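Report on the structure given below.
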Amino acid sequence: MNTSEPKSYSPAGPQTPLMSLSTPGDYFALLKPRVMSLVVFTALVGMVAAPGPVPSWPLALLSLLAIAVGAGASGALNMWWDADIDAVMSRTKNRPIPSGRVPRAEAAAFGGFLALLSVWVLALSGRGYLGAGLLAFTIFFYAVIYSMGLKRRTPQNIVIGGAAGALPPVVGWAAVTGDAPLAAWLLFAIIFVWTPPHFWALNLLKAGDYEAAGIPMMPNVRGAPHTRGLIWWYSVLLAPLAVLPVLTPAAGWLYGVIAAGAGAEFLRRAWAVRRREDEAGQNAACRSLFGYSIFYLFGLFAALLIEHWLGLHG
Amino acid sequence: MAEQHDYAREGLPTGEVYEPTPEEQRARSKRNVAVALGVVGFCVLVFAITVLRLAQSIEAGRLAGQ
Chain A
1 MNTSEPKSYS PAGPQTPLMS LSTPGDYFAL LKPRVMSLVV FTALVGMVAA
51 PGPVPSWPLA LLSLLAIAVG AGASGALNMW WDADIDAVMS RTKNRPIPSG
101 RVPRAEAAAF GGFLALLSVW VLALSGRGYL GAGLLAFTIF FYAVIYSMGL
151 KRRTPQNIVI GGAAGALPPV VGWAAVTGDA PLAAWLLFAI IFVWTPPHFW
201 ALNLLKAGDY EAAGIPMMPN VRGAPHTRGL IWWYSVLLAP LAVLPVLTPA
251 AGWLYGVIAA GAGAEFLRRA WAVRRREDEA GQNAACRSLF GYSIFYLFGL
301 FAALLIEHWL GLHG
Chain B
1 MAEQHDYARE GLPTGEVYEP TPEEQRARSK RNVAVALGVV GFCVLVFAIT
51 VLRLAQSIEA GRLAGQ
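Chains A and B supply the protein sequences, listed in that same order. The first sequence runs 1 to 314 under full-length UniProt numbering. The second sequence runs 1 to 66 under full-length UniProt numbering.
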């Protein structure tokens, strides 16, 4: 066959290969593995922090796998919907769809299929159907409410959309107990309130990118000073909120000490973001807070995990 | 970003069949292996859940009978 004039066959022009060159690695990248790892970790902590011993660890691990696949499905659906803006931003332009490695429709089908599969598997492996229902809601919230609804419409996008990222510990808790009491929702609240200062610190550094893509993030809609103020006030709410689990059987004194100390450091860094006047100082403070915020959340949940392994909780 | 069509599967509008390049064939083989592993993994997963659930039910029944 004559391949010198593929233009007549390919709607995208001569640069488009007639057959996909995508590899399994490209599909794995659609799952946002870094986000998935944080989801797995927080869901695991939700399982361990739930009252009583985990009824069956093999089933709990299969539930965890379902939660991980559900998180990956959300990522794939998000990349499908946001492929146009991902192509504009330096941070995302090399993702599988904008780089041309995975066709957009395949990403949608892949994400949709994995979403159904993950909910179905969690319904089988979890205790009752609450965990599966919450996982389905999480995927729906991230893909539809956040990606399709909020992200391009309001600077409150990540505030409300943060609920999707905050749900995994509740899903994990519900998967092993069939229940989601107040203590589980406290873990949700910690991640929910942590999300805005974490993302806005990054947005302040990459405001140009979001502006170019037309995404109404807080720094380009309300300005950097307003965003720095919000980061501070969310941090003021977060630091004491993160200590509250000590009032429940889910956490003990070790967690309380770590949460209080780490929260004080979070506040110190958030204050630096608010107060620094010079541009270089502001950027350094944002970078410092963004990096520390990841360590902070990981530290809180790791403290819960260690406490339960050592039997120091409640 | 471009929409792509798998003309190799559909046949070209001219009636010719597209011959994949070695690179395309390698990529397709990798995808096929991944799909096969996925299907096998899924079967193992469903089997494992079934066995574990059965074991739980038997144990619960035994405890209830005591």
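All residues carry an ideal CB built from backbone N, CA and C; glycine is no exception. Everything numeric in this text was worked out from a predicted model, so none of it was measured.
So residue 197 of chain A contacts chain B; which residues on that side make the cut at Cβ distance below 7 angstroms?
Result: empty, since nearest Cβ-Cβ is about 32 angstroms, beyond 7 angstroms.
Given a threshold of 16 other Cβ atoms within 10 Å of its Cβ, counted over all protein chains shown, does residue 43 of chain B qualify as buried or as exposed?
With fewer than 16 other Cβ atoms within 10 Å, it is exposed.
Does any residue of chain A bring its CB to less than 8 angstroms from the CB of residue 34 of chain B?
yes
Return helix, strand or coil for residue 277 of chain A, following the three-state DSSP convention.
coil
Can you name, in chain order, every residue of its own chain whose Cβ lies under 8 angstroms from the Cβ of residue 324 of chain A, other than the five neighbours on each side?
Outside the displayed range of chain A (1 to 314) lies residue 324 of chain A, so it cannot be described from this structure.
Let's see if you can read the secondary structure: which residues bound the alpha helix (DSSP H) around residue 137 of chain A?
130 to 140 is the extent of the alpha helix (DSSP H) around residue 137 of chain A.
Please decide whether residue 305 of chain A counts as near chain B, where near means a Cβ-Cβ distance under 8 angstroms.
no
Verify whether the separation of the beta carbon atoms of residue 155 of chain A and residue 221 of chain A is less than 8 angstroms.
Cβ atoms of residue 155 of chain A and residue 221 of chain A: closer than 8 angstroms.
Determine whether the Cβ of residue 31 of chain B lies closer than 8 angstroms to any Cβ atom of chain A.
yes
Answer with yes or no whether the minimum CB distance from residue 74 of chain A to chain B is below 8 angstroms.
no
Is there a Cβ of chain B sitting closer than 8 angstroms to that of residue 22 of chain A, yes or no?
Chain B, which has a Cβ nearer than 8 angstroms to the Cβ of residue 22 of chain A, makes this yes.
Length of the line joining the Cα atoms of residue 63 of chain A and residue 85 of chain A:
33 angstroms
According to the neighbour-count rule (16 or more other Cβ atoms, all chains shown, within 10 Å of its Cβ), is residue 1 of chain B buried or exposed?
Per-residue confidence for residue 1 of chain B stands at a pLDDT of 48, beneath the threshold of 50, marking its modelled position as unreliable; the derived number appears in the next sentence. Residue burial is scored here from C-beta neighbours: residue 1 of chain B has fewer than 16 other C-beta atoms within 10 angstroms and is therefore classed as exposed.
First and last residue of the uninterrupted alpha helix (DSSP H) at residue 198 of chain A
182 to 205
Span of the alpha helix (DSSP H) holding residue 157 of chain A?
157 to 166
Cβ-based contacts, 8 angstroms cut-off: residues of the stretch 51 to 74 of chain A near chain B
Against chain B - using a Cβ distance shorter than 8 angstroms - the residues of the stretch 51 to 74 of chain A are 55, 56, 58, 59, 62 and 65.
Measure the Cβ-Cβ separation of residue 102 of chain A and residue 38 of chain A and say whether it is below 8 angstroms.
no
Taking residue 124 of chain A as the query, report the chain B residues whose CB atoms sit under 7 angstroms from its CB, ordered along the chain.
49
Find the nearest neighbour of residue 256 of chain A within the set A/243, A/249, A/250 and A/266, judged by alpha-carbon distance.
A/243
Unbroken alpha helix (DSSP H) run spanning residue 78 of chain A, endpoints
57 to 81
Would you report the Cα separation of residue 20 of chain A and residue 111 of chain A, rounded to the nearest angstrom?
18 angstroms
Beta-carbon contacts of residue 4 of chain A that lie in its chain and below 8 angstroms, excluding the five residues immediately before and after
With a pLDDT of 39 at residue 4 of chain A, under the threshold of 50, the modelled position of that residue is not reliable, and no figure is offered here.
Compute the beta-carbon to beta-carbon distance between residue 137 of chain A and residue 166 of chain A, rounded to the nearest angstrom, for a pair I have assumed lies under 8 angstroms.
Contact flag wrong, Cβ pair sits at about 12 angstroms.
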